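To start, the structure itself, in structure tokens.
Residue numbers (this note's numbering): -18 to 179.
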């Protein structure tokens, strides 16, 4: 791997402490017809993009509740844009733009509580079809969490319903200290293990 602006040369040994999927993401996110200007800043940005994708996957895998139809239109539009980009001489920059447009719109629907279990399944199937090409996302990852911590999350949800914000914040801080990040949505609270930083 070369960095043309600095004249540096990197081997796989230099990247052994980094997420290999982030390296893959960085290398396929640009046009194959253009030389890749490798930087560690770019690698960190690639990891951040992966985190966004996998966070959405994690949210969708935990969704329950009532279904709405809005996500179906988002899926269809994104599918057409992604396929058109890939058919255009493997235009991966445009394909990634279509993918992250889907991420933004789906997160917006999640925040509004407009995605139920069936809709979430449809969104996941779309992401899996995209990943059959890109091979960068994580599906069905069972993060480890103790029964005690699950009980704390449920206790905090009850405190929030009772508007006991200070007590609920203390539980959030306690869980954050264990590397468990909470995300409050209209469909309830989801959680994930904090990603290690590059």
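Glycine included, C-beta positions come from ideal geometry on N, C-alpha and C. Note that the structure is predicted; figures quoted are calculated from it, not measured.
Item to complete: Answer with buried or exposed for residue 177, where buried requires no fewer than 16 other C-beta atoms within 10 angstroms of its C-beta.
Response: Walking along the chain shown from the start, residue 177 turns up at place 196. Bear in mind that a pLDDT of 40 at residue 177, under 50, signals an unreliable position, so the model cannot answer this.
Discussion item. Please tell me whether residue 104 and residue 38 are closer than 7 Å, where the distance is taken between their beta carbons.
Written reply: Position 123 of the chain shown, counted from the first residue, corresponds to residue 104. Position 57 of the chain shown, counted from the first residue, corresponds to residue 38. No, the Cβ-Cβ distance between residue 104 and residue 38 is not below 7 Å.
Fill in: Assigned secondary structure, residue 20 (DSSP; H/G/I helix, E/B strand, else coil)
As a first step, residue 20 is located in the chain shown; it is residue number 39 there, counting from the start. Coil at residue 20, not helix or strand.
Worksheet entry | Where residue 165 falls: helix, strand or coil (DSSP) | As a working mapping, residue 165 is identified with position 184 in the chain shown. In the structure shown, residue 165 sits in a strand (DSSP, three-state: E or B).
Discussion item. Taking only three categories from DSSP, how would you classify residue 155?
Written reply: Working through the chain shown from its first residue, we reach residue 155 at position 174. In the structure shown, residue 155 sits in a helix (DSSP, three-state: H, G or I).
Worksheet entry | Contacts around residue 1, its chain only, beta-carbon distance under 8 Å, and the 5 residues preceding and following it disregarded | Numbered from 1 along the chain shown, position 20 holds the residue referred to as residue 1. For residue 1, where only same-chain residues beyond five positions count, there are no Cβ hits under 8 Å.
Worksheet item: What do you reckon, are the CB atoms on residue 77 and residue 59 nearer than 7 Å?
Response: For the purposes of this step, residue 77 is identified with residue 96 of the chain shown, where counting begins at 1. For the purposes of this step, residue 59 is identified with residue 78 of the chain shown, where counting begins at 1. Not closer than 7 Å, so no.
Worksheet item: Would you call the segment 143 to 163 and the segment 16 to 34 in contact, with 3 or more CB pairs under 8 Å?
Response: no
Worksheet item: Excluding five sequence neighbours on each side, which residues of the same chain lie with their C-beta closer than 8 Å to the C-beta of residue 97?
Response: Walking along the chain shown from the start, residue 97 turns up at place 116. These residues qualify, in order along the chain: 44, 45, 46, 47, 48, 49.
Item to complete: Can you tell me which of the three DSSP states residue 145 falls into?
Response: For the purposes of this step, residue 145 is taken as the residue at position 164 of the chain shown. Reduced to three states, the DSSP call for residue 145 is coil.
Fill in: Element boundaries [alpha helix (DSSP H), containing residue 86]
Position 105 of the chain shown, counting from 1, holds the residue named residue 86. Note, residue 86: alpha helix (DSSP H), 73 to 92.
Discussion item. Would residue 116 and residue 41 qualify as a contact pair, given that the criterion is a beta-carbon distance under 7 Å?
Written reply: Counting from one through the chain shown, the residue named residue 116 turns up at place 135. Counting from one through the chain shown, the residue named residue 41 turns up at place 60. No, the Cβ-Cβ distance between residue 116 and residue 41 is not below 7 Å.
Worksheet item: Can you tell which of 5, -3, -10, -7 has its C-alpha closest to the C-alpha of residue 114?
Response: If you number the chain shown from 1, residue 114 lands on position 133. When only C-alpha atoms are compared, the closest one is 5.
Fill in: Exposed unless 16 or more other CB atoms sit within 10 angstroms - verdict on residue 131
Your numbering for residue 131 matches position 150 in the chain shown. Exposed: under 16 other Cβ atoms inside 10 Å.
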